[in-house]
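What follows is a set of notes on a single structure, which appears directly below.
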Amino acid sequence: METTYRKPPQALQSILKADEIIPTVKSILAEQTAVRAHIASSITPSQATFANTVAPCMAVDDKTQGVSGVCGMLRYSGPDEDTRRAVRAAHELWEAASAERLASRKFFELLDAVRRRADAGEEELGHEERKVLEDLWGDYRLAGHGTLDGDEITVFLERRRRVEEVKVEIQENLKKQEAETWFAEKELEGVREEDMKRWEAKDGGRVVLLARASYDAVMKYAHDEDVRRRMFVAYENRYEKNVALYKSLLILRDENARLLGYGSHADLRVEKRTAPSVEWVQEFMERLGEELLPRGRQEVERLRDRKSKHLGEDGVEMMPWDFAYYTRLLEKEADVDHGLIAEYFPLQHTLSSMLGLFTEFLGLEFVPVPEGELEGKLWADDIVVWSVWEGRGERKGEFVGYLYADVLRREGKYRGNCNVNLQCGYVKEDGTRVYPATILMCAFQPPTASSCALLKHHEVLGHALHDLVCRTKYTRFHGTRVAPDFGEAPSTMLENWCWMPQELIRMSRHYTRVDPAYIAKWEEDHQGKDLPPERIPDELVERLANSRGLIRALWFLRQLVFAKFDLEVNHQKSTSALRELDEVKLFHDLNESLTLRHNPAQAFAADLFESSFAKNPRDPEAWARYRRGILEFGGSKKEMDIMTDFLRREPSPDALLMSLGLRSE
Numbered sequence: 001m002e003t004t005y006r007k008p009p010q011a012l013q014s015i016l017k018a019d020e021i022i023p024t025v026k027s028i029l030a031e032q033t034a035v036r037a038h039i040a041s042s043i044t045p046s047q048a049t050f051a052n053t054v055a056p057c058m059a060v061d062d063k064t065q066g067v068s069g070v071c072g073m074l075r076y077s078g079p080d081e082d083t084r085r086a087v088r089a090a091h092e093l094w095e096a097a098s099a100e101r102l103a104s105r106k107f108f109e110l111l112d113a114v115r116r117r118a119d120a121g122e123e124e125l126g127h128e129e130r131k132v133l134e135d136l137w138g139d140y141r142l143a144g145h146g147t148l149d150g151d152e153i154t155v156f157l158e159r160r161r162r163v164e165e166v167k168v169e170i171q172e173n174l175k176k177q178e179a180e181t182w183f184a185e186k187e188l189e190g191v192r193e194e195d196m197k198r199w200e201a202k203d204g205g206r207v208v209l210l211a212r213a214s215y216d217a218v219m220k221y222a223h224d225e226d227v228r229r230r231m232f233v234a235y236e237n238r239y240e241k242n243v244a245l246y247k248s249l250l251i252l253r254d255e256n257a258r259l260l261g262y263g264s265h266a267d268l269r270v271e272k273r274t275a276p277s278v279e280w281v282q283e284f285m286e287r288l289g290e291e292l293l294p295r296g297r298q299e300v301e302r303l304r305d306r307k308s309k310h311l312g313e314d315g316v317e318m319m320p321w322d323f324a325y326y327t328r329l330l331e332k333e334a335d336v337d338h339g340l341i342a343e344y345f346p347l348q349h350t351l352s353s354m355l356g357l358f359t360e361f362l363g364l365e366f367v368p369v370p371e372g373e374l375e376g377k378l379w380a381d382d383i384v385v386w387s388v389w390e391g392r393g394e395r396k397g398e399f400v401g402y403l404y405a406d407v408l409r410r411e412g413k414y415r416g417n418c419n420v421n422l423q424c425g426y427v428k429e430d431g432t433r434v435y436p437a438t439i440l441m442c443a444f445q446p447p448t449a450s451s452c453a454l455l456k457h458h459e460v461l462g463h464a465l466h467d468l469v470c471r472t473k474y475t476r477f478h479g480t481r482v483a484p485d486f487g488e489a490p491s492t493m494l495e496n497w498c499w500m501p502q503e504l505i506r507m508s509r510h511y512t513r514v515d516p517a518y519i520a521k522w523e524e525d526h527q528g529k530d531l532p533p534e535r536i537p538d539e540l541v542e543r544l545a546n547s548r549g550l551i552r553a554l555w556f557l558r559q560l561v562f563a564k565f566d567l568e569v570n571h572q573k574s575t576s577a578l579r580e581l582d583e584v585k586l587f588h589d590l591n592e593s594l595t596l597r598h599n600p601a602q603a604f605a606a607d608l609f610e611s612s613f614a615k616n617p618r619d620p621e622a623w624a625r626y627r628r629g630i631l632e633f634g635g636s637k638k639e640m641d642i643m644t645d646f647l648r649r650e651p652s653p654d655a656l657l658m659s660l661g662l663r664s665e
């Protein structure tokens, strides 16, 4: 029986067309500027309060945030070049307006007066209002107010404008169609047939895109080490244009940080992080790195032994292009076949199954939005949208927001996997709520007539859920608008459920059951054989779960390389030292040494999981407490306070080390 679609109290957002973007952005920037100009001209420091100085700015920013959300989405996934060009121009307008606002010494003086009044107890502020004030005041202070004179502020803001230009240029390079490389057919021995079919046949070989899926196919399966080496070198150099841009970005940011009196850009940046200082990060991660390193070296030795056995040679060395290949051989010995496992996780079905898990865990109900409601509301035809509702408790039946899934590759679309906020939630001045809309954005290969996109089992929805269930008063700290090292933790924590056998079995469905055409193709390719079972077999899941620790320390150490590199290039002794730094050599040296630190997000995630879910991953009380104590706050409180209040202590790396078998309970 056909059911009636329940209309949410908030309509889907309209998507701006290319010729609407610039006029719309100019209009909202004018509105925001007018509010600030009125405050600056009518309020004196002795009169300034949160209510008459900060609240009006937040109100106009909240009201217009949806337009910036649409433009932000179109930067990642604009449907055509005209749209993407208009969005780039709009971004420049936004940056110019922001720079003009931050140049206002009068407005800084007003904010400074509000802050002093709050410090003196003359105006009582809630935790979110206090965080808004500190964050807004900090933006002006980081533009030089209170430190620099007028000319220096002009220099600072011009550098900052150039930083944004360079960042946009880097991102545009990342979105462009990948380069290609060519291999003779015989060189690709070992590569799976389904991967070979995706590559253009040419001159007795295959044209291989330098995209992640193709890279993984060659690095994991090609028997010829020289082929893997060539693929590795080509892939690592595919964005060569960004090297010089990145260097200029580092120098510009470093110069601005030192102009403000900081020792480095890292010292400046840590003020917007959960960690209180660079030194805190170094000490926190020193413990983690020291305990991971011996296990990582053991895992390298295990891979080296496997390579020696494979080649029949002694004294072999592990090269960067060897790790994926010999890891796969170790997994094969453990009878783990990720290609076979992926067959049980067709993309759209798996997304729906994961939503089912969070229906149970977080008490949410996901209702597909009918096609008739989507006209003029989408930027591509292959996007799926759900309206999200409270499914239990005192809020049952209340609207939560919208979830979009834009998961297939398109020309001009961002190549990575990320969450993009379309509309932040907030409370309007009349007390009613505006609800969030968030996008799961990926770049999976589109399905064909004979095969569908498959989801690797570790890819998850975490950021989107954080966005949906957050309940902040202002858009400024909605959802994942938090310190990055904290924002990654909730999503990372959810990966634990993708290693639980019973959860994997519940989510699985062999791709042949998705479409009759896939059954026909499978039977054609496997004549005389029975169809695979609809659900993933227990033994396959058990082998996968048991393989989690196979080279897990080495994976963490690899992430620590990136974190150490990030710290080194942003924490040089002087700008001249940074200019002389060979960052390419630094990166390779770090890969060899593995004397590492790591972003705390992985440790935060392990701490959250072990403290609340390890004993009972489906505990409804634990999930309710996690939702209230972590997700709903967004960034409206200091992130370290959120973690400490939830854990009832400061976070530590002990839980992560325990999960790796390096620390007992």
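Letter by letter, the sequence shown follows residues 1 to 665 in the UniProt record's numbering.
We put the CB at the ideal spot given by N, CA and C, even for glycine.
In DSSP terms, what residue i is bridged to
i: residue 200; result: 207
i: residue 703; result: It is not possible to answer for residue 703, since the shown part of the chain is limited to 1 through 665.
i: residue 180; result: 209
i: residue 316; result: Answer is none; residue 316 lacks a bridge partner.
i: residue 433; result: 427
Exposure of residue i, with buried meaning 16 or more beta-carbon neighbours within 10 Å
i: residue 593; result: Any reading at residue 593 must be qualified, since the residue scores a pLDDT of 43, below 50, and its modelled position is unreliable; no value is offered.
i: residue 311; result: exposed
i: residue 89; result: exposed
i: residue 639; result: buried
i: residue 596; result: Confidence is the limiting factor: at residue 596 the pLDDT is only 29, short of 50, which leaves the residue's position unreliable, though a coordinate-based value still follows. Looking at its Cβ environment, which holds 16 or more other Cβ atoms inside 10 Å, residue 596 is buried.
i: residue 466; result: buried
i: residue 431; result: exposed
i: residue 598; result: Caution applies to residue 598, whose pLDDT of 38 falls short of 50 and renders its modelled position unreliable; the model cannot decide the point.
i: residue 457; result: In this predicted model, residue 457 has a pLDDT of only 46, less than 50, meaning its place in the structure is not dependable enough to derive any value.
i: residue 295; result: buried
i: residue 221; result: buried
i: residue 27; result: exposed
i: residue 418; result: exposed
i: residue 12; result: buried
i: residue 607; result: buried
i: residue 86; result: buried
i: residue 340; result: exposed
i: residue 62; result: buried
i: residue 5; result: exposed
i: residue 413; result: buried
i: residue 38; result: exposed
i: residue 508; result: buried
heavy atom of the ligand MG below 7 Å from residue i C-beta
i: residue 422; result: Although the ligand MG was asked about, the structure shown includes no ligands whatsoever.
Continuous alpha helix (DSSP H) stretch holding residue i: start and end
i: residue 38; result: 18-42
i: residue 112; result: 105-119
i: residue 168; result: 150-175
i: residue 309; result: 278-311
i: residue 128; result: 127-141
i: residue 72; result: 55-77
i: residue 191; result: Residue 191 -> no alpha helix (DSSP H), and no H or E assigned at all.
i: residue 231; result: 225-236
i: residue 15; result: Segment: none, residue 15 is in no alpha helix (DSSP H) and carries neither H nor E.
i: residue 81; result: 81-102
i: residue 501; result: 501-507
i: residue 487; result: 484-494
i: residue 462; result: 462-469
i: residue 561; result: 552-569
### Message
Using 8 Å as the cut-off, can you tell me whether the region 190-206 makes contact with the region 217-229, which would need three or more C-beta pairs spanning the two stretches below that distance?
### Response
Note that the region 190-206 touches the region 217-229; at least 3 beta-carbon pairs, one per stretch, sit closer than 8 Å.
### Task
Counting only runs of 3+ residues fully inside the region 340-389, write out the beta strand (DSSP E) ranges in chain order.
364-368
### Message
With three or more beta-carbon pairs closer than 8 Å as the criterion, would you say the region 644-659 touches the region 284-291?
### Response
yes
### Query
Is it true that the region 626-634 meets the region 301-309, where meeting means three or more beta-carbon pairs spaced less than 8 Å apart?
no
### Message
With three or more beta-carbon pairs closer than 8 Å as the criterion, would you say the region 522-536 touches the region 275-284?
### Response
no
### Message
As an exercise, report each continuous beta strand (DSSP E) stretch of at least 3 residues that is fully enclosed by the UniProt domain "Peptidase M3A/M3B catalytic" (601-661), in chain order.
### Response
none
### Query
Counting pairs of beta carbons, one from the region 356-370 and one from the region 461-477, are three or more of them closer than 8 Å?
yes
### Message
For the pair the region 245-258 and the region 169-177, tell me if three or more CB-CB distances fall below 8 Å.
### Response
yes
### Cβ contact (3+ pairs, closer than 8 Å) linking the region 410-426 and the region 69-86
yes
### Task
Would you check if the region 439-447 and the region 405-413 touch, i.e. whether three or more CB-CB distances between them fall below 8 Å?
yes
### Query
So does the region 257-267 actually touch the region 562-579, counting three or more Cβ pairs closer than 8 Å?
Segment contact: the region 257-267 against the region 562-579, three or more CB-CB distances shorter than 8 Å; contact assigned.
### Query
Contact between the region 94-105 and the region 145-164: three or more CB pairs below 8 Å?
Cβ pair count under 8 Å is three or more, so yes.
### Task
Check whether the region 604-619 touches the region 483-492, taking contact to mean three or more Cβ pairs, one atom from each stretch, closer than 8 Å.
For the pair of segments examined, the region 604-619 was found to touch the region 483-492: the number of CB pairs separated by less than 8 Å reaches three.
### Message
I want to know whether the region 224-231 touches the region 319-336 - three or more CB-CB distances under 8 Å.
### Response
yes
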